[in-house]
Every structure is written in structure tokens, then in C-alpha cells.
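Q:
2 protein chains.
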Amino acid sequence: MGLSTAYSPAGSGLVPGPLGAGAGAARRRSAQVRRPRLATVRCSVDAAKQVQDGVATAVAAEAPASRKECFGVFCNIYDLKAEDKTKSWKKLVNIAVSGAAGMISNHLLFKLASGEVFGLDQPIALKLLGSERSFQALEGVAMELEDSLYPLLREVSIGIDPYEVFQDVDWALLIGAKPRGPGMERAALLDINGQIFADQGKALNAVASRNVKVLVVGNPCNTNALICLKNAPNIPAKNFHALTRLDENRAKCQLALKAGVFYDKVSNVTIWGNHSTTQVPDFLNAKIDGRPVKEVIQDTKWLEEFTMTVQKRGGALIQKWGRSSAASTAVSIVDAIKSLVTPTPEGDWFSTGVYTTGNPYGIAEDIVFSMPCRSKGDGDYELATDVSMDDFLWERIKKSEAELLAEKKCVAHLTGEGDAFCDLPEDTMLPGEK
Amino acid sequence: MGLSTAYSPAGSGLVPGPLGAGAGAARRRSAQVRRPRLATVRCSVDAAKQVQDGVATAVAAEAPASRKECFGVFCNIYDLKAEDKTKSWKKLVNIAVSGAAGMISNHLLFKLASGEVFGLDQPIALKLLGSERSFQALEGVAMELEDSLYPLLREVSIGIDPYEVFQDVDWALLIGAKPRGPGMERAALLDINGQIFADQGKALNAVASRNVKVLVVGNPCNTNALICLKNAPNIPAKNFHALTRLDENRAKCQLALKAGVFYDKVSNVTIWGNHSTTQVPDFLNAKIDGRPVKEVIQDTKWLEEFTMTVQKRGGALIQKWGRSSAASTAVSIVDAIKSLVTPTPEGDWFSTGVYTTGNPYGIAEDIVFSMPCRSKGDGDYELATDVSMDDFLWERIKKSEAELLAEKKCVAHLTGEGDAFCDLPEDTMLPGEK
Chain P
1 MGLSTAYSPA
11 GSGLVPGPLG
21 AGAGAARRRS
31 AQVRRPRLAT
41 VRCSVDAAKQ
51 VQDGVATAVA
61 AEAPASRKEC
71 FGVFCNIYDL
81 KAEDKTKSWK
91 KLVNIAVSGA
101 AGMISNHLLF
111 KLASGEVFGL
121 DQPIALKLLG
131 SERSFQALEG
141 VAMELEDSLY
151 PLLREVSIGI
161 DPYEVFQDVD
171 WALLIGAKPR
181 GPGMERAALL
191 DINGQIFADQ
201 GKALNAVASR
211 NVKVLVVGNP
221 CNTNALICLK
231 NAPNIPAKNF
241 HALTRLDENR
251 AKCQLALKAG
261 VFYDKVSNVT
271 IWGNHSTTQV
281 PDFLNAKIDG
291 RPVKEVIQDT
301 KWLEEFTMTV
311 QKRGGALIQK
321 WGRSSAASTA
331 VSIVDAIKSL
341 VTPTPEGDWF
351 STGVYTTGNP
361 YGIAEDIVFS
371 MPCRSKGDGD
381 YELATDVSMD
391 DFLWERIKKS
401 EAELLAEKKC
411 VAHLTGEGDA
421 FCDLPEDTML
431 PGEK
Chain W
1 MGLSTAYSPA
11 GSGLVPGPLG
21 AGAGAARRRS
31 AQVRRPRLAT
41 VRCSVDAAKQ
51 VQDGVATAVA
61 AEAPASRKEC
71 FGVFCNIYDL
81 KAEDKTKSWK
91 KLVNIAVSGA
101 AGMISNHLLF
111 KLASGEVFGL
121 DQPIALKLLG
131 SERSFQALEG
141 VAMELEDSLY
151 PLLREVSIGI
161 DPYEVFQDVD
171 WALLIGAKPR
181 GPGMERAALL
191 DINGQIFADQ
201 GKALNAVASR
211 NVKVLVVGNP
221 CNTNALICLK
231 NAPNIPAKNF
241 HALTRLDENR
251 AKCQLALKAG
261 VFYDKVSNVT
271 IWGNHSTTQV
281 PDFLNAKIDG
291 RPVKEVIQDT
301 KWLEEFTMTV
311 QKRGGALIQK
321 WGRSSAASTA
331 VSIVDAIKSL
341 VTPTPEGDWF
351 STGVYTTGNP
361 YGIAEDIVFS
371 MPCRSKGDGD
381 YELATDVSMD
391 DFLWERIKKS
401 EAELLAEKKC
411 VAHLTGEGDA
421 FCDLPEDTML
431 PGEK
């Protein structure tokens with residue numbers, strides 16, 4: 001397999017190259033209104049410099065003509081099928097990560113490269129999306145990935161234009177978002193970040209794999225995911241996810257702690273709704289060692305306060321650690337992906353924020369709502385139907401639904417549904433969430 | 001298997017508990033001169049708080065008497081042998097990490113917990129050593145480890161007293177060291193950090209497993225490792241390592257880049273000597289696709305400047321990324337450990353800074369020098385003997401040796417070898433190294 005990426009010197013404008021020059025891609029892109037940006041998909045920054053210095057000219061000269069824009073360790077040509085060690089490997093998977101110079105990505109990228117997520121027979125291409133401001137840091141990340149010598153990591157490219165970075169990607173992990181400044185209203189944040197996800201949705205629609213799986217981490221992630229999918233009508237809405245897995249993991253840990261068992265005994269935990277303080281960690285359906293939580297934990301007061309306990313975890317961590325929880329967020333992203341690419345253990349399920357269309361629970365249609373799902377491991381999922389509902393659970397679910405419907409009205413200008421009308425009841429961001 | 005840790009409220013003084021109360025341990029410790037410290041080996045900080053709040057009393061009441069000081073997810077009792085999923089697992093491995101609240105550890109701990117390092121049948125106990133200043137951050141790290149739900153991570157404890165944290169550890173990964181302040185002489189740094197490693201050597205000698213493997217990362221790591229082993233006479237000197245694996249990885253990447261091959265084609269790279277600017281990346285013995293490097297890369301000027309290229313990598317990264325390379329350092333620590341616990345691929349070797357005693361190369365005895373090693377995967381190693389030497393290589397090795405001999409004289413007061421005499425030729429710290 002030959003792997004290809006395009007290198008364009010910063011400031012040179014858009015240089016046609018393997019990543020941007022396919023006829024189909026060009027056609028798709030011409031239909032897009034685009035802000036001009038630096039064309040900056042590159043690999044192996046140091047190598048590019050060396051070429052300028054005349055050091056690596058031998059390598060450049062040896063490379064075939066079609067690849068002469070590209071240099072560096074991740075741009076080398078080789079044939080995985082020709083080697084015993086790699087010939088049984090799967091086809092390269094292309095993974096885009098936005099906010100790639102941030103702390104969550106700094107954990108996540110190395111996990112993706114190590115094989116921990118997609119398995120030890122799955123070669124990986126990482127496409128890192130950053131901003132002009134973060135571009136140097138992106139180069140640093142790419143250099144550290146080079147120095148890590150991960151055998152499965154076969155391509156790294158970096159850029160600031162989603163139309164280039166998202167080209168043919170199989171996964172888009174959308175982490176980058178603006179943090180809320182002091183005194184900023186939630187509506188303003190929805191607007192600023194919503195614009196980012198509208199743009200990225202358009203870019204995915206134009207250039208990504210037709211079956212790309214999109215995981216939105218940047219907050220407010222449910223509504224960002226909704227904006228993103230509305231701007232990508234050619235990609236199935238079912239392929240978009242908002243990350244609520246960190247909430248699920250924290251809920252499992254607290255249930256284990258309270259029950260005095262190890263956390264691997266806790267199953268069937270659902271986070272319902274919005275990734276905000278209206279989220280609903282579900283202890284009605286959750287099980288501990290196969291038994292209903294309410295049988296094992298009879299402390300009703302604790303159970304009623306459980307939602308608060310889970311929500312406060314992030315804030316408590318920030319207090320301790322002085323910054324938000326990048327490492328465990330990255331772990332939860334890994335868990336969210338693995339849940340889609342490995343079969344769900346029999347009887348269990350996982351939480352993910354997905355597009356509501358024909359859901360069996362009676363939750364409003366046309367929003368992104370976290371619900372219990374199962375997967376065969378093919379990247380797809382089905383909603384779990386064997387769930388119970390009671391008044392306490394349903395009331396809270398409706399509250400989170402109301403919030404998401406209000407958020408949706410607030411971003412109508414970004415989803416193509418008319419003028420925005422913003423009437424958000426209260427500030428429901430999780431403490432410290434970006 | 002029941003796992004035990006001791007919880008002592010901060011400020012309560014030394015509370016006898018499973019970690020500190022064994023008769024043997026008490027005997028060993030009584031022989032040590034110790035500075036009084038807070039007794040702060042704990043697990044699951046939040047749980048401890050909950051107990052104070054009366055929330056988790058049910059759990060406490062269920063725990064057997066000998067464990068009542070201990071609470072939280074990592075303190076639960078269970079029997080790995082009783083479950084199908086875990087009964088074939090190996091015996092728990094105890095891993096101490098110093099500087100545990102720092103950025104390198106923040107990457108490393110999650111790798112250790114994931115099974116990436118020791119394998120998917122190896123349960124892990126992490127013993128995190130921090131300082132009074134970093135204690136809250138340590139709690140945050142422990143909380144993030146809890147929230148990550150790693151099935152193999154069966155115990156986490158945190159503390160600031162190495163005599164408690166190092167109790168019975170099988171591995172000690174010594175990352176914590178003071179960074180050099182502005183204008184600080186190297187000799188002053190050697191003294192300040194040397195004192196830390198003298199103390200930690202004494203603690204390991206007193207309480208660690210008799211076959212503990214010690215990897216020193218905190219710089220200047222070679223001489224710190226020498227100080228550490230000299231203060232731990234009851235632990236084989238062969239068990240101490242100084243990390244030069246990041247240098248080796250960077251050297252491999254640069255050779256691959258220059259040769260236009262993927263980095264998995266580069267083998268037999270040795271970093272000789274000190275982890276400083278006198279380090280010697282060896283391109284005489286290195287191979288690319290099984291062929292000597294000098295056959296593949298005929299650019300002599302490039303090869304002569306190769307050492308500089310490798311050394312400058314860290315500084316270049318700091319410039320790009322704004323901080324030192326925590327992620328790839330953590331990866332190289334993983335590589336260093338894996339090289340000792342998995343058999344070395346046939347014909348290849350790896351670099352690690354080890355104690356010189358009876359080495360076949362003619363390098364001075366009684367220092368810690370990075371050399372080519374092979375392992376059967378049992379945690380031990382043998383020096384590679386099938387290495388070539390030429391004048392260019394040997395001259396540079398002698399220069400690094402001279403530096404290490406000078407550093408050794410400079411810390412004589414810490415190794416029990418009389419008065420220190422400091423006459424370091426020049427500043428040879430790697431850029432940005434701590």
C-alpha cells in the first residue's frame with residue numbers, strides 16, 4: 001500500500017496534491033462557499049525544513065514524482081502487503097482529530113497510534129486539524145508522534161483547513177471548540193462554537209468518506225453534533241455522536257464505590273439526554289453484579305443525589321488538578337469508539353448522544369440525545385429496547401429534552417431552520433467543561 | 001486476591017496499617033534516619049471524604065477489620081481467582097512512580113493502567129509518589145484513574161513518603177526531579193537532585209522488593225541512578241537503569257527519515273554514555289533493513305552531524321510545543337520497560353543506562369553508562385557483545401565517560417565515597433531537560 005499526503009509550503013495558496021486533487025473531491029469542493037485559508041496539510045515538518053536546507057534532497061529525489069510535495073517519516077512509501085509482519089493488516093483507517101494541539105488530543109492521539117483503540121492489525125492515518133494560532137504546537141505533536149515509533153501509525157498530516165484535513169476520513173473526532181470566556185452567556189457560546197461545527201459539517205459533507213463516523217466532544221456537544229449533522233445532509237445522521245461516555249464512566253465508578261465492588265461489576269448504566277447539568281445518569285436500569293442497583297444500594301437519599309455526584313466530579317477534579325480532566329476524557333473517547341468497533345457484551349449497553357428519529361422511548365425527534373445503545377462492532381449501533389422507565393427517571397429525561405429543544409431553537413440559523421430564538425432557562429454547563 | 005492499602009488522614013502522623021506495619025518492614029525502617037513527613041498513603045480520596053461525611057459507612061462496615069483504614073474503588077476486596085475472566089491473570093505487580101503529578105506521569109500512568117506495557121493478563125497496582133506541594137494534584141490523578149475504569153488497575157495509592165510508597169514495589173519509575181532554575185550551575189542541580197535520589201535509594205533499600213527494577217528518568221539521570229544504587233546496597237546494582245530510550249527513539253526516527261524508510265526498518269541503534277550533550281548515538285553498528293547504516297546513508301557530513309540532530313530534537317520540540325515532550329518521553333519509558341519484560345527481537349538490541357561492572361567494551365567501571373543490551377523478557381538484561389568500534393565512535397564514548405567520571409566526583413558526598421570535588425568541564429544538559 002502506498003500512502004500519500006500533500007505538502008504545501010505555508011502561504012503558497014492551495015497546491016493541488018494527492019489529498020486535494022481527486023476529480024470527485026474537486027467537484028464536491030467547488031460547490032462549497034469557503035473562506036480562504038493557508039493550505040497547510042503537511043507531514044514531517046522537520047523533514048520539510050531539511051529539504052529546504054538541502055539535507056534530505058536524496059530522499060526527495062528517490063521519491064516518485066507524484067509524491068514530491070511530501071517528505072518525512074510518515075510520507076515514505078512501502079507495501080504493507082509485501083511483509084510478513086504486516087500483510088494480514090486491515091486497510092488503513094483515516095482518523096481526523098480537531099483541536100489536535102490541545103490536551104485531550106495530546107492523550108488521545110497516542111492511544112490511537114498505539115493500537116489500543118482499533119486493534120493491533122489496524123494501521124492508522126492521523127489527520128490533525130488545528131488553527132493558525134496552534135499551528136506550531138501541531139507541528140510539535142506531529143514530531144512527538146514521529147519520535148514514538150508506533151508501528152501502526154503510517155501517516156500523520158496537519159492542517160487548518162477542514163476541507164483538506166477531512167478528505168476521505170473514516171472517523172472525525174471533533175474535540176476543538178472555543179472555551180467560554182468570563183461572563184460569556186451560554187447562547188453566545190452556542191453561536192460561536194455552533195459556527196465551527198456548521199463549517200466542519202459542511203466540510204465533512206463535501207470531502208469525508210460517505211460513511212464517516214463523527215464524534216463531537218467540543219461543548220455544548222449535543223447541539224454541536226446536531227448542527228454538524230444538519231450541515232452534512234449526505235452523511236447518515238445516525239453516524240453522528242456526542243460524547244457522554246465520560247459521564248457514564250464517572251457514574252459507574254461512583255456506583256462501584258458506593259456498593260463496595262470493583263467497577264467492572266457495574267453494567268447497563270445509561271446517561272440520558274444532554275451533556276450538561278440536566279443529564280440523567282440512570283440508576284433504575286443500571287446493574288451491579290447483574291442485580292438492579294436499587295436492590296444493592298438501598299440508600300435512597302444517596303441515589304437521588306447520585307446525579308449531582310456524577311456532575312460534580314469534573315469540577316472537583318479541576319479543583320484538585322488545576323485544569324480539566326484531559327486524560328480521563330481521552331480514555332472515555334477511546335471507550336466510545338471501542339463500543340462501536342467491538343461487539344457490545346451480551347446484555348450490556350453503552351451511552352452515546354445520537355440523533356433521535358423513531359426512538360422507542362418517546363423522546364422528541366430531531367435532537368441529539370444520549371441514550372442506551374448496542375453495537376455489533378461494525379461501527380453502527382441500535383438503541384436498546386429492554387429498558388424500564390419510572391416517573392422519577394422520565395421527569396428528568398423530559399427536563400433534559402426541554403433544554404435540548406431550547407438549544408435547538410437557539411441555533412436555528414446554523415441548522416438551516418430559520419431565525420434563531422434564544423430562551424435558555426438557566427446556565428447548565430458542567431463545571432469546567434469547555 | 002485481597003489487596004490492601006493504608007489510609008491515614010493527613011496530619012495524623014504515621015498510622016500503622018498494612019503498608020507500614022509488617023514486622024520486617026519495621027525492622028528495616030528502624031535502621032534508617034528519616035525526616036518526619038506526613039503519613040499519606042491513601043486511596044480513593046473522594047471515598048475518604050465520603051466516609052468523613054458518613055456517606056460510605058455501609059461500605060466501611062462491610063470491610064474486614066484489618067482494612068478499615070482503607071476505602072474507595074481501589075480498596076475493594078475481591079478474588080481474582082474466583083472469576084473466569086481474571087483467574088488466569090498473573091500476580092499483581094506493584095509499580096511506584098515518582099513525580100506522579102507531573103506531565104510525563106500523566107501520560108505514563110494511563111499507559112501502565114491500560115495493559116499496554118505489561119500485557120492484558122497483568123493486574124497493576126500504582127503507588128504514586130508526590131510532594132506536599134503536589135498532593136492535591138496527585139489526588140486529581142488518582143480520581144482520573146478511577147474514572148478510567150481500567151479493568152487491570154486494581155490498586156492506586158498516593159503519598160509523599162518514599163518509605164511508604166515504595167513498600168514492596170516491583171518497579172520504581174523515578175521521574176520526579178527539581179527542574180534547573182535560571183542561572184543554576186549544573187553542579188548545584190546535581191547536588192539538589194542527587195539528594196532526592198540518595199533518599200529514594202535508601203527508601204528502596206529499606207522497603208522495596210529485593211528484586212525491584214528501578215528506572216531513573218529525572219535528570220541528570222545517569223548520575224542520579226548511580227547515587228540511587230549506591231544508597232541501595234541490598235538491591236542488585238544491575239537492577240538500576242537511566243533512561244536513554246527517548247534518545248534512541250529519536251535517533252531511529254532521524255535515520256529512517258534520512259534513509260526514506262519507515263522507522264520499523266531501523267535496528268541496532270545504541271545510545272552510548274550520558275543522557276547529556278555528550279551522548280553518542282551510534283551509527284556504526286546501527287542497521288537499516290538489516291544493512292549497515294553507512295552503506296545505506298553515504299552522506300558523511302549528515303552522519304557526523306547526526307548526534308547534534310538527535311540532541312537538538314528536544315529543544316526544537318519545546319520551541320514548537322511550548323513545553324517539553326511529555327508524551328513521547330512517556331512512550332519511551334514504556335519502550336524501556338517493555339524491552340525488559342519481553343524478549344528482544346533476534347539480532348536487535350536496545351539502549352539503557354546501566355551500571356558498569358565487567359563490561360566488554362573497556363568503559364570505566366562504577367558509573368552508569370548507556371550501552372546496548374538484550375533481554376530474555378525476564379526483567380533482566382545482558383550486554384550485547386557483537387558490536388564494532390572505530391576511532392570516531394570510541395573518542396566520543398571516552399568523552400561521555402570522562403563527563404560521567406567528573407559527575408561522580410561531584411556527588412561523592414552522596415554516594416558515600418568521601419568529599420565531593422566538582423570540576424565539570426562545561427554545561428552539557430540537553431536543552432529543556434529537567
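Heads up: the sequence lines are chains P and W, in that order. So for the first sequence, the UniProt record's numbering puts the first residue at 1; every next one is plus one. So for the second sequence, the UniProt record's numbering puts the first residue at 1; every next one is plus one. Glycine is no exception: its CB is placed at the ideal position from the N, C-alpha and C atoms.
Cutting at 7 Å between CB atoms, please list the residues of its own chain near residue 186 of chain W, excluding the five before and the five after it.
A: As a working mapping, residue 186 of chain W is identified with position 186 in the second sequence. Answer for residue 186 of chain W: 424, 427, 429, listed in chain order.
Q: Could I get the ranges of all uninterrupted alpha helix (DSSP H) runs contained in the region 215-248 of chain W, with 4 residues as the minimum, in chain order?
A: Whole alpha helix (DSSP H) segments, 4+ residues: 221-230.
Q: Should residue 281 of chain P and residue 271 of chain P be called a contact, given that it needs their Cβ atoms to be closer than 8 Å?
A: Indexing the first sequence from 1 puts residue 281 of chain P at position 281. Indexing the first sequence from 1 puts residue 271 of chain P at position 271. Contact: yes.
Q: Would you tell me roughly how many angstroms separate the C-alpha atoms of residue 306 of chain W and residue 293 of chain W, rounded to the nearest one?
A: By 1-based counting over the second sequence, the position of residue 306 of chain W is 306. By 1-based counting over the second sequence, the position of residue 293 of chain W is 293. Rounded to whole angstroms, residue 306 of chain W to residue 293 of chain W spans 12 Å at the Cα level.
Q: Below 7 Å on C-beta distance, what does residue 253 of chain P contact in chain W?
A: Reading the first sequence from its first residue, position 253 is the one you call residue 253 of chain P. The answer, in chain order, is 73, 146, 147, 149.
Q: Please classify residue 421 of chain P as buried or exposed, where buried requires at least 16 neighbouring CB atoms within 10 angstroms.
A: Locating residue 421 of chain P in the first sequence gives position 421, where the first residue counts as 1. The residue is exposed, with fewer than 16 neighbouring Cβ atoms inside 10 Å.
Q: In chain W, which residues lie with their C-beta within 8 Å of the C-beta of residue 76 of chain P?
A: Walking along the first sequence from the start, residue 76 of chain P turns up at place 76. Those are 256, 260, 261, 262, listed as they occur along chain W.
Q: For residue 290 of chain P, is the classification buried or exposed, using 16 other Cβ atoms within 10 angstroms of its Cβ as the cut-off for buried?
A: Within the first sequence, numbered from 1, the residue matching residue 290 of chain P stands at position 290. With fewer than 16 Cβ atoms within 10 Å of its Cβ, residue 290 of chain P is classed as exposed.
Q: Find out if the Cβ-Cβ distance for the pair residue 328 of chain P, residue 353 of chain P is shorter than 8 Å.
A: Taking the first sequence and counting its residues from 1, one reaches residue 328 of chain P at position 328. Taking the first sequence and counting its residues from 1, one reaches residue 353 of chain P at position 353. No; because the gap between Cβ atoms is not below 8 Å, this pair is not in contact.
Q: By the DSSP assignment, the beta strand (DSSP E) with residue 353 of chain P in it spans what residues?
A: Numbered from 1 along the first sequence, position 353 holds the residue referred to as residue 353 of chain P. Residues 350-355.
Q: Taking the alpha carbon of residue 380 of chain W as the point to measure from, which residue in W:149, W:312, W:215, W:177 has its own alpha carbon closest?
A: As a first step, residue 380 of chain W is located in the second sequence; it is residue number 380 there, counting from the start. Checking every option, the nearest Cα to that of residue 380 of chain W belongs to W:215.
Q: Could you name the residues of chain P that residue 106 of chain W contacts, counting a contact when the two beta carbons are closer than 7 Å?
A: By 1-based counting over the second sequence, the position of residue 106 of chain W is 106. Going along chain P in sequence order, the residues near residue 106 of chain W (Cβ under 7 Å) are 327.
Q: Can you name the residues of chain W whose CB is closer than 7 Å to the CB of residue 159 of chain P?
A: Reading the first sequence from its first residue, position 159 is the one you call residue 159 of chain P. Under the 7 Å cutoff, chain W gives no residues; its nearest Cβ is about 16 Å from residue 159 of chain P.
Q: Take the Cβ of residue 146 of chain W as the centre, count every other Cβ of all protein chains shown within 10 Å, and call the residue buried at 16 or more, exposed below.
A: Walking along the second sequence from the start, residue 146 of chain W turns up at place 146. Burial call: buried.
Q: Go through its chain and collect everything with a Cβ distance to residue 412 of chain P's Cβ below 8 Å, but skip five positions before and after it.
A: Taking the first sequence and counting its residues from 1, the one referred to as residue 412 of chain P is at position 412. Excluding positions up to five away in sequence, the list reads 418, 419, 420, 421.
Q: Looking only at C-alpha atoms, which of W:73, W:79, W:200 sits nearest to residue 99 of chain W?
A: Stepping through the second sequence from its first residue, residue 99 of chain W is reached at position 99. Closest by alpha carbon: W:200.
Q: Quick one: is residue 349 of chain P near chain W, going by C-beta distance under 8 Å?
A: Residue numbering aside, residue 349 of chain P sits at position 349 when the first sequence is read from its first letter. No, residue 349 of chain P does not count as interfacial toward chain W.
Q: Which whole-angstrom value describes the C-beta separation of residue 226 of chain P and residue 332 of chain P, a residue pair presumed to lie in contact below a C-beta threshold of 8 Å?
A: Counted from its first residue, the first sequence places residue 226 of chain P at position 226. Counted from its first residue, the first sequence places residue 332 of chain P at position 332. 20 Å between Cβ atoms; not a contact.
Q: Determine the burial state of residue 35 of chain W: buried for a count of at least 16 other Cβ atoms within 10 Å of its Cβ, exposed for fewer.
A: As a working mapping, residue 35 of chain W is identified with position 35 in the second sequence. Any reading at residue 35 of chain W must be qualified, since the residue scores a pLDDT of 41, below 50, and its modelled position is unreliable; no value is offered.
Q: Run through the DSSP bridge pairs and tell me what residue 147 of chain P is partnered with.
A: On the first sequence, position 147 is the one that residue 147 of chain P refers to. Paired residues: none, contrary to the question.
Q: Do we get a CB-CB distance below 8 Å when we pair residue 87 of chain P with the residues of chain W?
A: On the first sequence, position 87 is the one that residue 87 of chain P refers to. Closer than 8 Å: no.
Q: How many angstroms separate the CA atom of residue 205 of chain P from the CA atom of residue 175 of chain P?
A: Residue mapping note: residue 205 of chain P aligns to position 205 of the first sequence, counting from 1. Residue mapping note: residue 175 of chain P aligns to position 175 of the first sequence, counting from 1. Each residue's Cα considered, the two are about 18 Å apart.
Q: Assuming residue 164 of chain P contacts residue 125 of chain P under a Cβ cut-off of 8 Å, what Cβ separation, rounded to an integer in Å, is found between them?
A: Looking up residue 164 of chain P in the first sequence gives position 164. Looking up residue 125 of chain P in the first sequence gives position 125. In fact, because the Cβ distance is near 14 Å, the residues do not count as touching under 8 Å.
Q: Could you give the uninterrupted runs of the alpha helix (DSSP H) lying entirely in the region 304-352 of chain P, keeping only those of 4 residues or more?
A: Qualifying alpha helix (DSSP H) stretches, in chain order: 326-341.
Q: Using CA coordinates, which residue listed in W:93, W:262, W:254, W:105 is at the minimum distance from residue 311 of chain W?
A: In the second sequence, the residue the question calls residue 311 of chain W occupies position 311. Answer by Cα proximity: W:254.
Q: Classify residue 285 of chain W: buried if its beta carbon has 16 or more other beta carbons within 10 angstroms, exposed otherwise.
A: Start at 1 with the first residue of the second sequence, and residue 285 of chain W comes out as number 285. Burial call: buried.
Q: Work out the CA separation of residue 218 of chain W and residue 142 of chain W for me, nearest whole Å.
A: Taking the first residue of the second sequence as position 1, residue 142 of chain W is located at position 142. Taking the first residue of the second sequence as position 1, residue 218 of chain W is located at position 218. Spanning the two alpha carbons is a distance of roughly 22 Å.
Q: Look up residue 282 of chain W in the DSSP assignment and give the residues it is bridged to.
A: On the second sequence, position 282 is the one that residue 282 of chain W refers to. DSSP, once it has assigned bridges, lists W:270 as partnering residue 282 of chain W.
Q: Could you give the uninterrupted runs of the alpha helix (DSSP H) lying entirely in the region 145-190 of chain W, keeping only those of 4 residues or more?
A: Correct list: 162-165.
Q: Report yes or no: is there a C-beta of chain P within less than 8 Å of the C-beta of residue 279 of chain W?
A: Taking the first residue of the second sequence as position 1, residue 279 of chain W is located at position 279. It does not: the Cβ of residue 279 of chain W has no partner Cβ on chain P nearer than 8 Å.
Q: To which residues of the same chain is residue 231 of chain P closer than 7 Å at the C-beta, ignoring the five residues directly before and after it?
A: Residue 231 of chain P sits at position 231 when you count from the first residue of the first sequence. Excluding sequence neighbours, residue 231 of chain P sits near 198, 201, 202, 205.
Q: Taking only beta-carbon atoms, is residue 346 of chain P less than 8 Å away from chain W?
A: As a first step, residue 346 of chain P is located in the first sequence; it is residue number 346 there, counting from the start. No, residue 346 of chain P lies away from the interface with chain W (no Cβ there is under 8 Å from its Cβ).
Q: Below 8 Å, can you find three or more Cβ-Cβ pairs linking the region 234-251 of chain P to the region 261-277 of chain P?
A: Contact between the region 234-251 of chain P and the region 261-277 of chain P is present, because at least three Cβ pairs lie under 8 Å.
Q: Which residues in chain P have a C-beta closer than 7 Å to the C-beta of residue 317 of chain W? List them in chain order.
A: As a first step, residue 317 of chain W must be located in the second sequence, where it is residue number 317. Going along chain P in sequence order, the residues near residue 317 of chain W (Cβ under 7 Å) are 140, 143, 144.
Q: In or out: residue 405 of chain W buried (at least 16 other Cβ within 10 Å) or exposed?
A: The sequence position of residue 405 of chain W within the second sequence is 405, counting from 1. Under this definition residue 405 of chain W is an exposed residue.
Q: In whole angstroms, what separates the C-alpha of residue 9 of chain P from that of residue 169 of chain P?
A: Counted from its first residue, the first sequence places residue 9 of chain P at position 9. Counted from its first residue, the first sequence places residue 169 of chain P at position 169. With a pLDDT of only 31 at residue 9 of chain P, under the threshold of 50, the placement of this residue in the model should not be trusted; the figure read from the coordinates follows. Each residue's alpha carbon lies about 23 Å from the other.
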